[in-house]
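Data block below; observations after.
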Amino acid sequence: MKKISVLLATNTPKAYNYLMPDDFESEVGTFVKVPFRNRELMGIIWDQSLEKIENSKLKEIIEYYPSFKLSDRKLDFINFFSRYNFTSLGGVIKLFIPHPYLIEKNKSIKRYKLDKKNIDKITITNARKTVLEFFENETKFFTSSELIKKTNVSSSVINKLIEENVLKAVEYEEQNNTDKVYSKKFDLNKHQTKAANNIINSIKNNKFERFLIDGVTGSGKTEVYFEAVEEALKENKQSLILLPEISLTDSLFDRIKVRFGFEPSMWHSNLSKKKRRDIWQDIYHGNSKLIIGARSSLFLPFKNIGLIVVDEEHDHSYKQQEGIIYHARDMAISLASFEKIPVVMVSATPSLESVLNVKEGKYKNLVLPERIGDAILPEIDFIDMRDEEYIKNQWISEKLKAEIKQALSRKEQSLIFLNRRGYAPITLCKSCGHRLECPKCDSYLVEHKFNPKLICHQCGFSVKPVNSCSECNSKDSLIACGPGIERITEEVLRTFPEAKIATLSSDNSKDTHKVLNDMREGSIDILIGTQIISKGHHFPLLTCVGVIDADLGMANGDLRAAERTYQLLHQVSGRTGREKKPGKSFLQTYFPAHPVIKSLVEGKKENFHNVELKTRQINNLPPYGRLASIILSDTNSKKLIEFCNRLKKSIPNSEEIIVLGPVPAPMTRVRGRTRYRFLLKANKETNIQKYLEFWISNQKKPSSIRLTVDIDPYYFL
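In C-alpha cells:
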C-alpha cells in the first residue's frame, strides 16, 4: 500500500493522508471516496507534501475512480478560487463534486441511430414511418427512452426496430455535433458581424481575451454570441452560457433549438438525480457541446471548453451570498484565463467594473448601437408624482392609466413593474402604531394575499393573517401600508376589468414559463411583475411600460444603489417597442432631477456612467478601490461583541488598508442570530487577502460564532 494525499469535498483547509493499493495510479486530480470520521466523503488526490504518519495509523480509500480526473488547469483554478475568495480548498472541491452520485458507475448506456441498409427488409407501418422521418434530419444517437419520447410511439415499436437491426446500437461514446446543419441562421448587420468576427478569431487562435458586447436592448446581442458558439461547435469545443436566473433558460433553450437544431444541456437545481448525473457525465466526456445554466454551471467538468458567455453580466444575481461567497462573472473570467479561451460579457447596461475595464483597455468593447430590423429604442419619460393628486389605495398615476387605456384600444400590451413582492410591505396597528415584525429577524412581515400569509422575506418565517394587534389587543385595527405587486394587481383589476391580466414574481415562479409564453403570444393584455420580468424577454406586442416607484432602491446606503436602479429601470424599459410598433416607458418618480432618472429620460448612458464613476473615484470605492467585509454572528450577543472587540484590538497596522467597525449590521438579527460587521477598504492593487490571512486566520474563535469573509461585497445588510 502507498500513501496519498486527498483533498476532501467538504469545508476543510488541508489535505489528509490515506492508503491506496500499489497497483492504482495516484495521479493528481483523480477522484476517490474515503472514510472521514463517521462519514464517507468524495475527494481528489492532491499535490501536497505527505505528512510523516505511519501507514498503520492511516485508513484505506474506499473507492478509486480512474475515469474521473480534474485537469491541471482546473486544479490551478481551484487554487486561485480558494485564495481570491478567502475560502477553504475543500469547500471549492465541493463545488466541483456537489453530489457523490454524479460519478457513480452508470450501467452500459446504449444509444441508437438509423441503419438505412436494413429499411428495405421491414414492413413500414405508420408508427415506423414516424421514427424513420424523425431520423431524416438527425445525426445524433438516442437512447430507446429518448426515441419513445421524441417520436411519441410505443416502446414495442422501438424495440422491434432494434430487434430487426433498423436501429443500430452503439455503446455510450463521444458524439460529434460539428457536422450538424445549422437550421436557422440569421443575417447579421454590420455591427453584429464585426463583433462576432472578433470573438470567432479569438476562438480559432485559442486565445484568452475578454470581450464586452455592449448593445442597446433589442440589438441582437444573443445572435452575436450564437455565431461564436457555432465556431466553437465546428472546432468540436464546448461552450458555456451563464445566465443570472433559471427563469431565463427556457426562452434561450427554445432559441438554441431553432438556431442550431439540437437541445442544449440545461444545468439547474430542479434536475432529477439521474438527469443530473447524465448531464454531468456527458459534459465530462465531451458529449454535451453547449451548456446553459446559472452560477453553479461554472463548476461543471468541461472536457474541452472553448468559450464562456456571461449574459446580463451586470446582474447582481451572479454574486453568491451564502455558503462559499463568490462572484460568478469574475470567476468565469478567471476560469477562461486558466483555460486560455475567450470570455464574453453581454449587457445593455454594463457594470461599472466592465465600463472601467473597457476604458483601461482590459476588455475589447463590441458596441451594438441600434436595434435590429425596423425596431427603434423606446421613448422614456418620467411622471412627477408630486403633481399627482393623492387618492387612497391608488398607486398608478392617471397619466399612466391613460397610456395603458390607449394601448388596450390599439390591441397592444402593457407591462407594470414594481420591484416589491407581496401585497403590502408593512402592516401596522392604527391604534398603537405597532408594526408586525418577524420574531427571528429585524424585518417587517410582508402581507401576501394571493397565498394568504404574513411572510418574512429574510428567513421565510410565515404566519396566517391576524385580525387583532398583539401589542394593544385592538381588534380590526391592522392596516396594510404601501403597495406590493399584489396590491397593484388589485388596482389594475378595478381599473381595467375587461383586460386579460397576469402577475409574475418569484412567489408564483412555477407559472413563469406559462405566463411568459402567454405574454409572447399576445394572450395577456397587462402583465404586472417584479424583477423577474425585467431581463432578456422579448414581447412583440408590448408598447407601454409603467414603473411604479422608480425611486425604490436608490437611497438604501448601498454604494451600488444608483447603478442597480439605473440598470433595472433601463432593462425593464427595454422590454417595449422591440418590433415595428414604437414603445414608451413611464417612470413614476418623486425625484425627476436625480442623475438616474435624468440619464434614462435623456437616453444618455454615458452621462450616468461618468457621474457615478467620478463619485466612486473620489471616494476610492470599487471599481477604483477594493472592499472586503467580515460578517460575524451568534445567538449570544454578549459573546459576539466580546469577540468582535478582541478582533478589533488585533487589527494589524497598515498604511494601505483601513478597517471600519465592528458595528451592528443594518439587518442586525437574522434567523435568531445577532450580526456584526467589519469593512476593509483598500487601494485596487492591495493584496487584501494576504492582510486577512495575517489578521484572522490564527484567531481562536468560539465555536458558536460564525465568521464569513466576503471579498468584493455587493450587499451591506
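Add 345 to a position in the sequence shown, counting from 1, and you land on the number used in the numbering used here. Backbone N, C-alpha and C define an ideal beta-carbon position, used for all residues, glycine too.
Limits of the unbroken alpha helix (DSSP H) element including Gln739: Position 394 of the sequence shown holds residue 739. From DSSP, Gln739 is part of no alpha helix (DSSP H); its letter is neither H nor E.
Residue closest to Ile771, alpha-carbon to alpha-carbon, out of Val791, Asn471 and Phe376: Within the sequence shown, numbered from 1, the residue matching residue 771 stands at position 426. It is Val791 whose Cα lies nearest to the Cα of Ile771.
For Arg1022 and Ala1010, believed in contact at Cβ under 8 Å, the rounded distance: Here residue 1010 is taken as the residue at index 665 of the sequence shown, counted from 1. Here residue 1022 is taken as the residue at index 677 of the sequence shown, counted from 1. Yes, they are in contact, since the Cβ atoms of Ala1010 and Arg1022 sit about 5 Å apart, within 8 Å.
Cα-Cα separation between Asp979 and Lys925, rounded to whole angstroms: In the sequence shown, the residue the question calls residue 979 occupies position 634. In the sequence shown, the residue the question calls residue 925 occupies position 580. Going from the Cα of Asp979 to the Cα of Lys925 covers about 57 Å.
Cross-strand partners of Tyr671 (DSSP beta bridge): As a first step, residue 671 is located in the sequence shown; it is residue number 326 there, counting from the start. Its beta-bridge partners are Gln665.
Local Cβ density within 10 Å of Glu518, reported as buried at 16 or more and exposed below that: Here residue 518 refers to the residue found at position 173 when the sequence shown is read from its first residue. Note that Glu518 scores a pLDDT of 45, beneath 50, so its modelled location is shaky; the value from the coordinates is reported in the next line. Classification of Glu518: exposed, given that the 10 Å Cβ count is below 16.
Gln666 and Arg640 closer than 8 Å at C-beta: Stepping through the sequence shown from its first residue, residue 666 is reached at position 321. Stepping through the sequence shown from its first residue, residue 640 is reached at position 295. The answer is no: Cβ separation not under 8 Å.
Buried versus exposed call for Asp1055 [16 or more other C-beta atoms within 10 Å across all chains shown]: The residue given as residue 1055 occupies position 710 in the sequence shown. Classification for Asp1055: buried.
Asp599 burial status per 10 Å Cβ neighbour count (16 or more: buried): For the purposes of this step, residue 599 is identified with residue 254 of the sequence shown, where counting begins at 1. Asp599 is exposed by the Cβ-count criterion.
Bridge-paired residues (DSSP) for Ser807: Taking the first residue of the sequence shown as position 1, residue 807 is located at position 462. Beta-bridge pairing links Ser807 to Ile800.
Counted within 10 angstroms of its Cβ, other Cβ atoms place Glu575 as buried (16 or more) or exposed: Against the sequence shown, residue 575 aligns to sequence position 230. Burial call: buried.
C-alpha gap between Val526 and Ala573, whole angstroms: For the purposes of this step, residue 526 is taken as the residue at position 181 of the sequence shown. For the purposes of this step, residue 573 is taken as the residue at position 228 of the sequence shown. A caution first: Val526 carries a pLDDT of 43, below 50, which makes its placement in the model unreliable, though a value can still be read off. Distance between the alpha carbons of Val526 and Ala573 is about 16 Å.
Inter-residue Cα distance where the pair is Leu459 and Lys495: Your numbering for residue 459 matches position 114 in the sequence shown. Your numbering for residue 495 matches position 150 in the sequence shown. The alpha-carbon atoms of Leu459 and Lys495 are separated by roughly 15 Å.
Min CB distance Leu434 to chain D below 8 Å: Any reference to chain D falls outside this structure, which holds one protein chain only.
Candidates Glu987, Ser982, Ile975 and Gln962, of which the one nearest Ile1041 by Cα: By 1-based counting over the sequence shown, the position of residue 1041 is 696. When only C-alpha atoms are compared, the closest one is Ile975.
Boundaries of the beta strand (DSSP E) in which Arg600 is found, first to last residue: The residue you call residue 600 lines up with position 255 of the sequence shown. No beta strand (DSSP E) contains Arg600, which is instead part of the alpha helix (DSSP H) from Thr594 to Phe605.
Cβ-Cβ distance between Ile349 and Lys378 below 8 Å: Along the sequence shown, one-based indexing puts residue 349 at 4. Along the sequence shown, one-based indexing puts residue 378 at 33. Taking 8 Å as the Cβ cut-off, Ile349 and Lys378 do not qualify as a contacting pair.
Inter-stretch contact at 8 Å, needing at least 3 Cβ pairs: the region 866-880 / the region 835-851: yes
Other residues of its chain near Tyr1036: CB distance less than 6 Å, five sequence neighbours each side excluded: The count along the sequence shown starts at 1 and reaches residue 1036 at position 691. Correct list, in chain order: Ile1002.
Asn362, enclosing alpha helix (DSSP H) - first and last residue: Your numbering for residue 362 matches position 17 in the sequence shown. Taken as a continuous stretch (DSSP letters only), Asn362 belongs to no alpha helix (DSSP H), being part of the beta strand (DSSP E) at Tyr361 to Met365.
Any 3 or more C-beta pairs closer than 8 Å across the region 495-512 and the region 470-487: yes
First and last residue of the uninterrupted beta strand (DSSP E) at Cys774: Numbered from 1 along the sequence shown, position 429 holds the residue referred to as residue 774. That run of the beta strand (DSSP E) goes Ile771 to Cys774.
Integer-rounded CB distance, given that Ser918 should sit under 8 Å from Ile725: Locating residue 725 in the sequence shown gives position 380, where the first residue counts as 1. Locating residue 918 in the sequence shown gives position 573, where the first residue counts as 1. Indeed, because the Cβ distance is near 5 Å, the residues count as touching under 8 Å.
Cβ neighbour criterion (16 or more within 10 Å) applied to Asp719: Locating residue 719 in the sequence shown gives position 374, counting from the first residue. Label assigned to Asp719: exposed.
Euclidean distance between Cα positions of Ala541 and Val700: Against the sequence shown, residue 541 aligns to sequence position 196. Against the sequence shown, residue 700 aligns to sequence position 355. Their backbone Cα atoms lie some 20 Å apart in a straight line.
Unbroken beta strand (DSSP E) run spanning Leu420, endpoints: Stepping through the sequence shown from its first residue, residue 420 is reached at position 75. Looking at the DSSP string, Leu420 is not in any beta strand (DSSP E); the run it does join, the alpha helix (DSSP H), is Asp417 to Tyr429.
Euclidean distance between Cα positions of Arg1020 and Ile996: Translated into positions along the sequence shown, residue 1020 becomes position 675. Translated into positions along the sequence shown, residue 996 becomes position 651. Each residue's alpha carbon lies about 19 Å from the other.
Beta-carbon proximity list for Thr875, same chain, < 8 Å, skipping 5 on both sides: Start at 1 with the first residue of the sequence shown, and residue 875 comes out as number 530. Within the same chain, Thr875 has close Cβ partners Phe762, Leu763, Asn764, Arg765, Arg766, Ile830, Leu849, Ser850 and Ser851.
Classification of Pro1007 by the beta-carbon crowding that lies within 10 angstroms, buried from 16 upward: Along the sequence shown, read from residue 1 onward, the residue named residue 1007 stands at position 662. Buried, because 16 or more other Cβ atoms sit within 10 Å of the Cβ of Pro1007.
The region 534-548 touching the region 690-704, judged by at least three CB pairs closer than 8 Å: no
Ala847 - containing beta strand (DSSP E), residue span: Translated into positions along the sequence shown, residue 847 becomes position 502. Element bounds for Ala847: Ile846 to Leu849.
CA-to-CA distance, Gly606 to Glu481, given in whole angstroms: As a working note, residue 481 is residue 136 in the sequence shown. As a working note, residue 606 is residue 261 in the sequence shown. Cα-Cα distance, rounded: 13 Å.
Contact the region 745-755 vs the region 952-965: 3+ CB pairs below 8 Å: no
Segment contact, 8 Å Cβ cut-off, at least three pairs: the region 679-686 with the region 411-427: yes
Cys783 versus Val1015, Arg382 and Phe486, residue with shortest Cα-Cα distance: Sequence index remark: in the sequence shown, residue 783 carries index 438 (1-based). Here the closest residue by C-alpha is Val1015.
Neighbourhood of Ser999 by C-beta distance below 8 Å, restricted to the same chain and skipping five residues each side: Taking the first residue of the sequence shown as 1, we reach residue 999 at position 654. Around Ser999: Tyr1036.
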